[in-house]
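When we follow numbering that gives the first Met the number 0, the leftmost residue of the sequence shown carries the number 0, and every step to the right adds one.
To start, the structure under review is shown below, and the notes come after it.
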Amino acid sequence: MRLLFVLLLSSVVAFADRPNVVLVMADDQGWGQTGYYNHPVLKTPHLDAMAKAGLRFDRFYAGGPVCSPTRATVLTGRSHDRTGV
Numbered sequence: 000m001r002l003l004f005v006l007l008l009s010s011v012v013a014f015a016d017r018p019n020v021v022l023v024m025a026d027d028q029g030w031g032q033t034g035y036y037n038h039p040v041l042k043t044p045h046l047d048a049m050a051k052a053g054l055r056f057d058r059f060y061a062g063g064p065v066c067s068p069t070r071a072t073v074l075t076g077r078s079h080d081r082t083g084v
């Protein structure tokens, strides 16, 4: 019975749609520093196209207070104080 359950569950998982993941990393860029928020200098054509389709990035989070620990956090999955950077 367990084997049947595992086989059924694995077939459901195998045919499930994979989620789309977009990872945008930029040093010292705030939420308002994109073209779709009418920044006077910065040009972000690809982000603008995604925003026009309804995908807006307005919640930015960093893994650490400066860029290197943030990159280490993304690459390792650890918090910035545990990466050694």
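Even glycine gets a Cβ: it sits at the ideal position worked out from N, Cα and C.
CB of residue i within 8 Å of CB of residue j, strictly
| i | j | result |
| --- | --- | --- |
| G29 | F59 | yes |
| K42 | G31 | no |
Run of the alpha helix (DSSP H) containing residue i, from where it starts to where it stops
| i | result |
| --- | --- |
| A52 | Careful: A52 lies outside any alpha helix (DSSP H) and carries neither H nor E. |
| L74 | C66 to T75 |
Residue i burial status per 10 Å Cβ neighbour count (16 or more: buried)
| i | result |
| --- | --- |
| H45 | exposed |
| P68 | buried |
| A71 | buried |
Residues near residue i by beta carbon distance below 7 Å, same chain, minus five either side
| i | result |
| --- | --- |
| K51 | none |
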